[in-house]
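Undergrad:
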Amino acid sequence: AQTVTQSQPEMSVQEAETVTLSCTYDTSENNYYLFWYKQPPSRQMILVIRQEAYKQQNATENRFSVNFQKAAKSFSLKISDSQLGDTAMYFCALFSGGGADGLTFGKGTHLIIQP
Amino acid sequence: KAGVTQTPRYLIKTRGQQVTLSCSPISGHRSVSWYQQTPGQGLQFLFEYFSETQRNKGNFPGRFSGRQFSNSRSEMNVSTLELGDSALYLCASSPTVITEAFFGQGTRLTVV
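Protein chains in written order, with the numbering used here: chain Y, -12 to 102; chain A, 263 to 374.
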């Protein structure tokens, strides 16, 4: 069975700072995808960034970037120049194989951006 | 392009009743997957439908079922509701496989 672990239940940083959220995963598949989703108080799950395992280059989306360490099975999210609107739950998720487990999510990290 | 639409947004049901939730995916998307989110268990995969067929299923009892129509709209049904079924139910839409999933706003189900 595949697993996703987020070891930081909550993090708090000042506005404009850079913050890194950690995620480790486990899968026996060679072909898989990793995601970071943001869930603000509205409860809408928003796709932040996606990484294909076969791509060595780390994905970036504006202020969001990942550090994908395939051998270590680590997938961290870096948010630069953090903004108040970044306050939300952040979930790391894994899709692998034929999708028998759908998306497997971590327990989430509650990120608070302080003014 | 319209996003994923889930209806209703909120539901209150009594233990023992049944409930049906609806999900309309993004136009052109053929895969719909469902997830249950609770404070204790987090986000758990219920099932995935593709072209009207259940393609994958999570580890939930048979009280949880679903279907998909020819227009890709999907419904999930929970029979004989239990208090523990109270949760946010999220639907995700994908073009073909869940390598890119877009979520609806969810249905908040409360069982009393």
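The beta carbon of each residue, even a glycine, is placed where N, CA and C say it ideally should be. Since the structure is predicted, the reported quantities are computational estimates derived from the model, not experimental observations.
Please work out which residues of its chain come closer than 7 Å, Cβ to Cβ, to T11(Y), disregarding the five sequence neighbours upstream and downstream, and give them in chain order.
TA: Excluding sequence neighbours, T11(Y) sits near T(-8), K60 and S61.
Undergrad: Sorted by chain position, which residues of the same chain lie with C-beta nearer than 7 Å to D347(A)'s C-beta, five sequence neighbours on each side aside?
TA: Excluding residues within five positions, the ones whose Cβ falls inside 7 Å are V340, L371 and V373.
Undergrad: When we look at the beta-carbon of R271(A) and count the other beta-carbons within 10 Å, is it buried (16 or more) or exposed?
TA: Burial call: exposed.
Undergrad: Any C-beta of chain A within less than 9 Å: which residues of the segment 73 to 96 of chain Y qualify?
TA: Within the segment 73 to 96 of chain Y, the qualifying residues are F78, A80, F82, G85, G86, A87, D88, G89, L90, T91, F92, G93, K94 and G95.
Undergrad: Grouping DSSP H, G and I as helix and E and B as strand, with all else coil, what is L345(A)?
TA: Reduced to three states, the DSSP call for L345(A) is helix.
Undergrad: Got a sec: which bits of the segment 356 to 372 of chain A sit with their beta carbon under 7 Å from any beta carbon on chain Y, in order along the chain?
TA: Listed by position along the chain: V359, I360, T361, E362, A363, F364, F365, Q367 and G368.
Undergrad: Which runs of the alpha helix (DSSP H) spanning at least 4 residues fall entirely within the segment 265 to 290 of chain A, listed in chain order?
TA: As far as the segment 265 to 290 of chain A is concerned, it has no whole alpha helix (DSSP H) run of at least 4 residues.
Undergrad: Which residue wins for smallest C-alpha separation from Q56(Y), given the options S9(Y), I66(Y), A87(Y) and A3(Y)?
TA: Cα-wise, what sits closest to Q56(Y) is S9(Y).
Undergrad: If distances are taken between C-alpha atoms only, which option among L273(A), F364(A), G368(A) and T358(A) comes closest to S313(A)?
TA: The shortest Cα separation from S313(A) among L273(A), F364(A), G368(A) and T358(A) belongs to T358(A).
Undergrad: For the segment 31 to 38 of chain Y against the segment 267 to 286 of chain A, are there 3 or more C-beta pairs whose distance is under 8 Å?
TA: Because the criterion of three Cβ pairs below 8 Å is not met, the segment 31 to 38 of chain Y and the segment 267 to 286 of chain A do not touch.
Undergrad: By how many angstroms is the C-alpha of L273(A) removed from the C-alpha of A349(A)?
TA: Between A349(A) and L273(A), the C-alpha separation is close to 10 Å.
Undergrad: Which stretch, first to last residue, makes up the beta strand (DSSP E) that contains M(-2)(Y)?
TA: Segment E(-3) to Q1, the beta strand (DSSP E) holding M(-2)(Y).
Undergrad: Can you give me the C-alpha to C-alpha distance between N321(A) and G89(Y), rounded to a whole angstrom?
TA: Each residue's Cα considered, the two are about 11 Å apart.
Undergrad: Once DSSP output is grouped into helix, strand and coil, what is the label at L90(Y)?
TA: Here L90(Y) sits in coil by DSSP.
Undergrad: So which of L305(A), K275(A) and T342(A) has the shortest CA-CA distance to Y325(A)?
TA: Reading the sequence as shown, one finds Arg at residue 325(A) and not Tyr. The shortest C-alpha separation from R325(A) is found at T342(A).
Undergrad: Please identify, using Cβ separations under 9 Å, the residues of the segment 309 to 320 of chain A that lie next to chain Y, in order along the chain.
TA: Cβ contacts with chain Y come from F309, E310, R317, N318, K319 and G320.
Undergrad: Which full runs of the beta strand (DSSP E) of 3+ residues lie inside the segment 18 to 80 of chain Y, going along the chain?
TA: Complete beta strand (DSSP E) runs here, min 3: 19 to 26, 33 to 39, 51 to 56 and 61 to 66.
Undergrad: Taking a contact to mean a Cβ-Cβ separation below 8 Å, would you say T361(A) touches Y20(Y) in this structure?
TA: Yes.
Undergrad: Alpha carbon to alpha carbon, what distance is there between Q(-11)(Y) and G93(Y)?
TA: Those two C-alpha atoms are separated by around 11 Å.
Undergrad: Could you name the residues of chain A that M32(Y) contacts, counting a contact when the two beta carbons are closer than 7 Å?
TA: Within 7 Å Cβ-Cβ: L352 and F365.
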